[in-house]
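The structure under discussion appears below in the form of structure tokens.
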């Protein structure tokens, strides 16, 4: 099973011949390869898996996905405890 996390593209640049972006994941910013999502631009939400943006999604879809991931985290916290 693969897990892709939505994040907001804040910058896009060329780096060593590749399009890369800075993506914000709730305040944590990471450099992400945009080669598999060439249409991504600053202000877009992308789904990221192992450092690669694999698709562009709209803001509503990104927020729904983040809500599900938060709920999953809450369930795990309750089941596993501190």
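Numbering (our numbering), first residue to last: 896 to 977.
The beta-carbon is built from N, C-alpha and C at its ideal position, and this holds for glycine as well.
Computed from a prediction, not measured in an experiment: that's the story for all the values here.
Coil, strand or helix - residue 968 by DSSP = The DSSP-derived three-state label of residue 968 is helix.
Would a C-beta distance cut-off of 8 Å place residue 915 and residue 935 closer than the cut-off?
-> Cβ atoms of residue 915 and residue 935: not closer than 8 Å.
Does the distance from the CB of residue 950 to the CB of residue 937 come in under 8 Å?
-> Going by C-beta atoms, residue 950 is not nearer than 8 Å to residue 937.
Roughly how many whole angstroms lie between the Cα atoms of residue 899 and residue 910?
-> Each residue's Cα considered, the two are about 23 Å apart.
How would you write the range of the beta strand (DSSP E) that residue 919 sits in, first residue to last?
-> Segment 913 to 920, the beta strand (DSSP E) holding residue 919.
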